[in-house]
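Residue numbers (this note's numbering), protein chains in the order written: chain A, 800 to 1294; chain B, 800 to 1294. These notes are about the structure you will find just below.
There are 2 protein chains.
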Amino acid sequence: MHIELKRHAGTPLSKQIAQTLSDRIRSGLLKTGIRLPSVRELARSLKVSQVTVSKAYAELERMELIHCTQGKGCFVGPDPEDGGGTPELSASWQLSLIDYLPRAHTWRHFQGSSSDCRYRLHVAMVDPDLLPNREICRNIHQLVTENPAIIANYGPFQGDAELRQALSVYFRERGIAAGAEEVLIASGSQQAIDLVARTFTGPGDTVYMEGPSYSGAIDVFAARGARIVTVPVDHEGMRIDILSQLCDANPPKLIYTVPTFHNPTGTVMSVSRRARLLELAQSYNAIILEDDAFSDTYFRTEPPRTIKSLDRFGHVILVKGFSKILSPGCRVSAIVASGTILNRLIAAKTIADLGSPMLNQKAILPVLQSNLFQRHLKRLRAALKSRRNIALELLKRHAPRGVTWTEPEGGFNIWVTLPEWARATDLYALAQREGVAILPGITCYANEPEHHRFRISYSFMDENSLREAMILLCDVLRRYLANPVPRETPSRPTL
Amino acid sequence: MHIELKRHAGTPLSKQIAQTLSDRIRSGLLKTGIRLPSVRELARSLKVSQVTVSKAYAELERMELIHCTQGKGCFVGPDPEDGGGTPELSASWQLSLIDYLPRAHTWRHFQGSSSDCRYRLHVAMVDPDLLPNREICRNIHQLVTENPAIIANYGPFQGDAELRQALSVYFRERGIAAGAEEVLIASGSQQAIDLVARTFTGPGDTVYMEGPSYSGAIDVFAARGARIVTVPVDHEGMRIDILSQLCDANPPKLIYTVPTFHNPTGTVMSVSRRARLLELAQSYNAIILEDDAFSDTYFRTEPPRTIKSLDRFGHVILVKGFSKILSPGCRVSAIVASGTILNRLIAAKTIADLGSPMLNQKAILPVLQSNLFQRHLKRLRAALKSRRNIALELLKRHAPRGVTWTEPEGGFNIWVTLPEWARATDLYALAQREGVAILPGITCYANEPEHHRFRISYSFMDENSLREAMILLCDVLRRYLANPVPRETPSRPTL
């Protein structure tokens, strides 16, 4: 087990160890029944005192994530009466194998039992019926008919030249002066974020991000061993004043932000904060990684322009995903960057997979080039707005007292806050029994999780199913807040 | 600039610094004209003495990779008379940005000027005319017609269940007992290797591989900061006796091997060495990463079974790419692993890109399931054998004295050795002028490169073009060996 300890950080080492292990347990990397290394072993391998490890294990026991038995050791999961807790023998050598995956919440969360739920409020993806599937499939048909050899060749590492040209037009229309040569194609936003992280961040680096944030990005930066510092969000987005203070003590290498219809809270960073964030990055020679998945899905007025559109010295790397608005299945995103930052990212993309498949890139090209795209976005915005209205209306009507939520003006997500004593993971388990999946907020925090929040996405289900889901969820909410799950029940999420 | 120094390695620090910088310069990450940090700056940032950095810079000057001018500093590239060597000012803050990309030879090599050559002997990919493109495209047509929503959904992180099932049959036929649940789909072998590297290797770890080896794998492990140790290859593949001795001093975390029709030498590891390699991995609790791109392309008899087929305790991770034998454009490969190693790789795949596109996976499925696959492989083997024969025959007839080469019994590649004084990079430049691209051997070495070797691939061009290419190449060879390029000319490859 590789635990990246930050020896000069404010957080005590025992807490850092407990945090890492709890992340690994919660995300399923350490399974129930697995025996943890002994206090002595772990202390030796991490070069810390045994007292430090003992404290960490005690904390994990308190959190009911592990149980320790005199003479036998500590095991993942609650204490079983049946004498469980013995690791599989065949794979026992593998357990000693150190890895570099501190957490993998996305993995566990989106393909666990939630996927079997009838009502899928947990996925921030768009209803397939709202996407231009027939048009994209028609393009694919034409591509393979006219040139079957398209599947017999590698594409350019940087991505298809025609697609990059079309994207350059798309970006120019949005105030970003990027030529085709400044665009790099990646396989979805997730890979784009990962390419930036693997190229520019490592154990010595401080990465700032909103707290809460997109769990896939947290997974990525945590896997790089970067020190992640979270900055609170208010109605104007990331608190740049607090970020600025934090940077005094720990200069940023990279600031990851979802400024427009932030995931999970739905808030929009104000124009003045965007400008201040860019100034701050300039003054520290830092990178801003601007993740823009949602700006095309506004409900009233266009949101402020991207931070990238203000960028004169190449500090901003913009990631624009097309999974949310065109096709998750094609796995296409664009990275906009310049200078040696761009070159290094192209090199990283080459190392990662030799380039994205050409067919998938060419598939969305005619859509981007035609008027269809604008018509599609208009229809998509209207449909999402209608679903957002349904979700908010039903929350207003049926949610019990003490529950609050954000009212997004775009994007896919509503961020719900329970009374402080409550735990979204308990609610998650109860809702799942009714066939309703939600995203417990703890997956959205890099460090100290806030247990009383969760995310719902109104984007995936048709209006009728959404209505049923919201009514069911409010019903579960009411029952849960009236009759909280007794504390004896482990609060560990079974993601 | 981040340089991972191994302070207790046998190699002097100055040599390690020179090695890393030469890799970065040769692969184009540091471009001609860029100013290197001053001796004092680099010494401070690496925490080494100024003498060490001075030695490294002197070595790089000797290699004609940089030039230093009193009072001005050291610049990448040969000394220009025109007063060049000033970095672009606009991007100057970016140059100070530390990254984690020690080399990217693949990037530079396969999309540089070589791609413009008429005769492409440098790419180990198959002639598109030899692949079942029409069949795969027919499948794609059917998929998008019957279910347009295929492009509107994410697939399972682990990969399509049907494809994994079909692959399980494919593997069973080859002596590997892996259920569908033990198969993970990645986007090409390159990503598969990268997933293993990012999950299990880091700066503290020793990775063994054949020297020479596949440049894409070297890029990956170098980017992880792993200590790469190379093991020589003879006619029976990797020298396990030497590996065994090396492991005494530096226990392996992972051993990367291409045992069958090794890239670039074409050799096949013997059955007994396969067994010994597995025993060695077991005794060190190490992983074997077995890269099998070529085993289906044998010319006489089936090669020995994979090391994975001998594996009882989950030490071997098998990577089976389908780009070489079915479709580079679909970007599909399979990873076979078990236990927690498999779980961790699935988590890594999720973090990397949320899973490969479903359309691309489903596209090759019917081919794998039908008799067509066997018929296709038979035809492919015959065509490749015929091309190999042409290449060998022309080498025999036209190559000048002093040149030797391997005679592969499968795969795509011939490894050519020049007299020791010669430099394949000089030959590369001369051949390029005649429109012939080759792969200089230096891209295939993780550490000390051997300058007098290069790789040619007979797989890409049709027979007539291959004949022309080989005759031209032999002609260039003859001229080069008779009249070597004078030493004043920089030997730096312009990859």
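A virtual CB, placed ideally from N, CA and C, is assigned to each residue, including glycine. Keep in mind the model is a prediction, meaning the values are calculated, not measured.
If contacts are defined as beta-carbon pairs under 8 Å, then residue i and residue j qualify, I think. What distance do you get, rounded to the angstrom?
| i | j | result |
| --- | --- | --- |
| T1205/B | T1064/B | 5 Å |
| S1137/A | V1118/A | The pair is not a contact, with the Cβ atoms about 14 Å apart (cut-off 8 Å). |
| L1053/A | L1109/A | Not a contact, Cβ separation roughly 18 Å. |
| G1128/B | N938/A | Their Cβ separation, rounded to whole angstroms, is 15 Å, which puts G1128/B and N938/A out of contact at 8 Å. |
| V1215/B | R1187/B | At roughly 14 Å, the Cβ-Cβ gap does not stay under 8 Å, so V1215/B and R1187/B are not in contact. |
| T944/A | E1009/A | Between E1009/A and T944/A the Cβ distance is about 46 Å, and since that is not below 8 Å, they are no contact. |
| D782/B | R1026/B | No statement about residue 782/B is possible, as the shown extent of chain B runs from 800 to 1294 and does not include it. |
| I1145/B | R1266/B | Not a contact, Cβ separation roughly 47 Å. |
| F767/B | S1256/B | Past the boundaries of the shown model lies residue 767/B; chain B is included only from 800 to 1294, so the question cannot be answered. |
| I816/A | L894/A | So it is not a contact: roughly 18 Å between Cβ atoms. |
| E1233/B | L1271/B | 5 Å |
| H866/B | E860/B | 6 Å |
| Q964/A | A979/A | 4 Å |
| H1250/B | R1277/B | With a Cβ gap of about 19 Å, H1250/B and R1277/B do not count as contacting. |
Considering only DSSP beta bridges, list what residue i is partnered with.
| i | result |
| --- | --- |
| C916/A | In DSSP, C916/A forms no bridge with anything. |
| W1204/A | V1215/A |
| S1256/B | N1212/B |
| Y899/A | Note: Y899/A sits in no beta bridge, so no partner. |
| V1115/B | I1087/B |
| V875/A | I865/A |
| S1132/B | A985/B and G1120/B |
| Y1097/A | G1209/A |
When the cut-off is 8 Å and only beta carbons count, does residue i lie next to chain B?
| i | result |
| --- | --- |
| V943/A | yes |
| I1145/A | yes |
| A977/A | no |
| R806/A | no |
| T998/A | yes |
| D1152/A | yes |
| Y899/A | yes |
| A948/A | yes |
Quick check on residue i - is its C-beta less than 8 Å from some C-beta in chain A?
| i | result |
| --- | --- |
| C873/B | no |
| Q893/B | yes |
| G987/B | yes |
| Y953/B | yes |
| H921/B | no |
| I1237/B | no |
| V1019/B | yes |
| N1159/B | yes |
| M924/B | yes |
| H940/B | yes |
| G1113/B | yes |
Go through its chain and collect everything with a Cβ distance to residue i's Cβ below 6 Å, but skip five positions before and after it.
| i | result |
| --- | --- |
| T905/B | S1014, G1015 and D1018 |
| F1098/A | K1184, E1208 and G1209 |
| F1259/B | R919, V922, M924 and D926 |
| L1176/B | D1095 |
| L1226/B | Y1279 |
| V796/A | This structure gives no information on residue 796/A, because the portion of chain A shown stretches from 800 to 1294. |
Going by beta carbon distance, what residues of the same chain come within less than 7 Å of residue i, once the five residues before and after it are set aside?
| i | result |
| --- | --- |
| S1043/B | L1079 |
| G1141/A | The sequence given here has Leu at residue 1141/A, not Gly. Excluding residues within five positions, the ones whose Cβ falls inside 7 Å are E981 and L983. |
| I1106/B | P1058, R1073, L1076, L1077, I1087, E1089 and V1115 |
Looking only at its chain, what residues have a beta carbon closer than 8 Å to the beta carbon of residue i, apart from the 5 residues adjacent to it on each side?
| i | result |
| --- | --- |
| T1066/B | V1032, D1033, H1034, E1035, G1036, F1060, T1205 and P1207 |
| I954/A | The question names Ile, but residue 954/A is Gly in the sequence shown. Answer for G954/A: G1154, S1155, P1156, M1157 and Q1160, listed in chain order. |
| A842/A | S848, Q849, T851 and V852 |
| E803/A | T819, P901, P1002 and G1024 |
| R1038/B | V1030, P1031 and V1032 |
| A1085/B | P1050, P1051, K1052, L1053, I1054, L1079 and H1114 |
| I935/A | L1125, S1126, C1129, A1162, I1163 and V1166 |
Problem - Residue ranges of each alpha helix (DSSP H) within the segment 981–1060 of chain A, 4 or longer - result: 987–999, 1014–1022 and 1039–1048
Exercise for the section: With a floor of 4 residues, list each alpha helix (DSSP H) that falls wholly inside the segment 1221–1284 of chain B, ordered by position along the chain. Expected result: 1223–1232 and 1262–1281
Handout entry: Length-filtered (4 minimum) alpha helix (DSSP H) runs lying within the segment 818–867 of chain A
Key = 838–845 and 849–861
Practice task
Go through the segment 930–956 of chain B residue by residue and report every complete run of the alpha helix (DSSP H) that reaches 4 residues or more, in order.
Solution key: 932–945
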